[in-house]
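Notes follow the structure.
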Amino acid sequence: MIYSYCKRCKLESPGDVCQSCGKRATANAQRDVWSIASVPLADGRVWKSILYALLSVAALLLVVIFGLEALTSDAAKVNRLWNSALPRMIILVIPLGLAVSFVFLMAQGREVIVYVLDPQGAHLQTWHPPSRVKSWARLQSADPDRNIPQQDGSVMHLSQERHMIWGDVQSVRYRPRNAAIYIYHTPHLAPMVLKLPPEEYETAAAYVGKYCKGK
């Protein structure tokens, strides 16, 4: 949802018109804000990343071990090593890694991701209920200074912040079918993913397009 800030009234209002004085805000005074509730355990992107990482580790171990063996010994020894239990033990890295990941993701529980687009860039904050277990499951310290009171009286823990300045954006990919926008600092690598409710997609895409023309 678009929010605008009126300098005269020092008030932020939903939409592009100040609710106090009725003055329409300039583009530089507007920002787009929305939030997504997420459960990492049920997120397909998370599992895909974990699976790719485990496959890469297993493949790298096989290449390194058998490559070194091939360089230092003959084909017969390489063949005996291949027929030993070692390859199966390396492949076990994948199911064991998935099992450990399941435990960690289950412990993480539910989180809320808040997205903000403003004239400076795109910003992301991840929040979850204060809990040492939830922080440790994210491989983070349970810093009590990051437990922030909310407007509704609850307390949430600020788990992560990420910022992408418009001037640093190299490319943008729009995925309307998935209600997502991928913003790349380095082309094809580690994008900031803006996940959106379907009804918010066009507004966010127009906002990003305004600052990332031709990217």
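Numbering of the sequence shown is given in the working numbering, commencing with residue 364 and proceeding in unit increments.
Glycine included, C-beta positions come from ideal geometry on N, C-alpha and C.
Do you know offhand how far Tyr547's Cα is from Ser504's? The straight-line gap from Cα to Cα measures roughly 28 Å.
Output the residue ranges of the alpha helix (DSSP H) runs that lie fully inside the segment 416 to 478 and measure 4 residues or longer, sorted by chain position. The qualifying runs are 438 to 445, 449 to 454, 456 to 471.
Where does Ser517 fall in DSSP's three states? In the structure shown, Ser517 sits in coil (DSSP, three-state: anything other than H, G, I, E or B).
Taking all protein chains shown into account, do 16 or more other C-beta atoms lie within 10 angstroms of the C-beta of Arg501, making it buried, or fewer, making it exposed? Buried is the call here.
Rounded straight-line distance, which links the Cα of Ser447 to that of Pro493: Going from the Cα of Pro493 to the Cα of Ser447 covers about 48 Å.
By the three-class DSSP mapping on this structure, what secondary structure does Glu561 have? What sits at residue 561 in the sequence shown is Pro, not Glu. Three-state DSSP puts Pro561 in a helix.
Would you check if there are 3 or more beta carbon pairs closer than 8 Å linking the segment 524 to 536 to the segment 475 to 484? At 8 Å Cβ cutoff, the stretches touch.
Does the segment 390 to 409 touch the segment 550 to 567, meaning 3 or more C-beta pairs lie closer than 8 Å? Touching, yes.
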